[in-house]
Amino acid sequence: MEPLAVALILVSAASHAAWNYLAKGSRDKDSFMLLMNVTSQVTLLPVFLLLLKDWSLPVSAVPFLVASAIAEAVYFLALSRAYDAGDLSIVYPVARSAPLFVAVAGAVFLGDPLTTTGLLGILLVLVGVYMLHLKSLRLDSILEPLRSFRGSAFGFALIAAIGTTAYSLSDKAAVTRVDPVLYDLWLEVAITILLTPIVLRGRGWGNIRAEWGNAWKKITVAGALMRGGYLLVLVAMTLAPVGYLLAFRQVSVVIGALLGLTLLGEGYGAPRILGSATIFAGVYIIAALA
Numbered sequence: 011m012e013p014l015a016v017a018l019i020l021v022s023a024a025s026h027a028a029w030n031y032l033a034k035g036s037r038d039k040d041s042f043m044l045l046m047n048v049t050s051q052v053t054l055l056p057v058f059l060l061l062l063k064d065w066s067l068p069v070s071a072v073p074f075l076v077a078s079a080i081a082e083a084v085y086f087l088a089l090s091r092a093y094d095a096g097d098l099s100i101v102y103p104v105a106r107s108a109p110l111f112v113a114v115a116g117a118v119f120l121g122d123p124l125t126t127t128g129l130l131g132i133l134l135v136l137v138g139v140y141m142l143h144l145k146s147l148r149l150d151s152i153l154e155p156l157r158s159f160r161g162s163a164f165g166f167a168l169i170a171a172i173g174t175t176a177y178s179l180s181d182k183a184a185v186t187r188v189d190p191v192l193y194d195l196w197l198e199v200a201i202t203i204l205l206t207p208i209v210l211r212g213r214g215w216g217n218i219r220a221e222w223g224n225a226w227k228k229i230t231v232a233g234a235l236m237r238g239g240y241l242l243v244l245v246a247m248t249l250a251p252v253g254y255l256l257a258f259r260q261v262s263v264v265i266g267a268l269l270g271l272t273l274l275g276e277g278y279g280a281p282r283i284l285g286s287a288t289i290f291a292g293v294y295i296i297a298a299l300a
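Numbers given in the working numbering equal positions in the sequence shown, counted from 1, plus 10.
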């Protein structure tokens, strides 16, 4: 992978973990997700004005934008429900477990190269994600993560992971046809159009206004982190295969685990440290050898 792609993904990973931490701490998560998407357009408007001269979207990119917007709307709604039902340290790693599926699907449908070394790195990342869910390093706890995943939090987190797979593939195909900055602008507009009636019907204007009044600073920061971070991903997609990029971005799981341990007071430090080391091993293989 090119050094620039690696740098972009590392910054994006930190941004992703940070906005998820903020979303987990929100009172009304559906409203938070909607408002986060709206404010992201406002905070990044100067970037769009500076970089874009032509705001018209090529017709060839429209089908991919629609598919991605639907997948991202599903992702945000599922993630919201997962955070309502479970802890950050359980939901976040599961929701970030899409890289293997992305890599395989990218190889099949987009022609991205998938080497044995790259697949090994992806598998190590996923093993590390699993280890983050262990409560201890004893053999009798090896299946504990599976028992933890029986609840609705795991189901919704898995749906979020599937949504990630779908929108990542659509976005990869789109950025080969259109400028990533232009695409990101219209993608965010489309996501907001889809989310608004759903959240309005489910929560109502009163709850949305209340969430803004309670957490507008956090919402604004989360919006900038969320969309700015993903804009970096779209640029990186023009430089490297999508499967490796999404796997490398899993370093955000390590950051998320650290946020949970240090700021949310979550336990099970030993397995999470070992899981983090395993993730870093996979990331190194992907970056240095794939």
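Ideal Cβ placement from N, Cα and C applies to all residues, glycine included. All figures in this text were calculated on a predicted structure; none of them were measured in a lab.
From the options, residue whose alpha carbon lies closest to that of residue i
i	options	result
residue 169	45, 219, 18, 103	103
residue 30	281, 231, 254, 290	231
residue 189	53, 75, 20	75
residue 147	282, 291, 292, 288	282
residue 53	234, 295, 291, 63	234
residue 280	145, 239, 149	145
residue 83	41, 116, 278	41
residue 257	71, 116, 204	116
C-beta atoms of residue i and residue j nearer than 8 Å
i	j	result
residue 206	residue 32	no
residue 50	residue 243	no
residue 182	residue 247	yes
residue 195	residue 58	yes
residue 295	residue 136	no
residue 179	residue 86	no
residue 301	residue 173	Within the shown structure, residues of the chain are numbered from 11 to 300, placing residue 301 beyond reach of any answer.
residue 106	residue 263	yes
residue 200	residue 193	no
residue 163	residue 95	yes
residue 122	residue 16	no
residue 36	residue 225	yes
Contacts around residue i, its chain only, beta-carbon distance under 7 Å, and the 5 residues preceding and following it disregarded
i	result
residue 197	75, 78, 79
residue 245	18, 190
residue 265	23, 24, 27
residue 267	99, 142, 282, 286
residue 217	38, 41
residue 12	249, 250
Reduced DSSP secondary structure (H/G/I, E/B, other) of residue i
i	result
residue 152	coil
residue 56	helix
residue 65	coil
residue 125	coil
residue 11	coil
residue 237	helix
residue 70	helix
residue 107	coil
residue 51	helix
residue 282	helix
residue 221	helix
residue 18	helix
Residues of its chain near residue i, where Cβ-Cβ distance is below 8 Å and the 5 sequence neighbours each way are ignored
i	result
residue 214	none
residue 273	31
residue 186	248
residue 202	44, 47, 48, 51
residue 161	95, 96
Same chain, Cβ closer than 6 Å to residue i, five either side skipped, listed in chain order
i	result
residue 166	88, 91, 92
residue 270	98, 99, 276
residue 138	285, 288, 289
residue 20	none
residue 241	194
residue 70	187
Residue i at chain B interface by Cβ criterion, 8 Å
i	result
residue 259	In summary, chain B is missing from the structure at hand, where a single protein chain is found.
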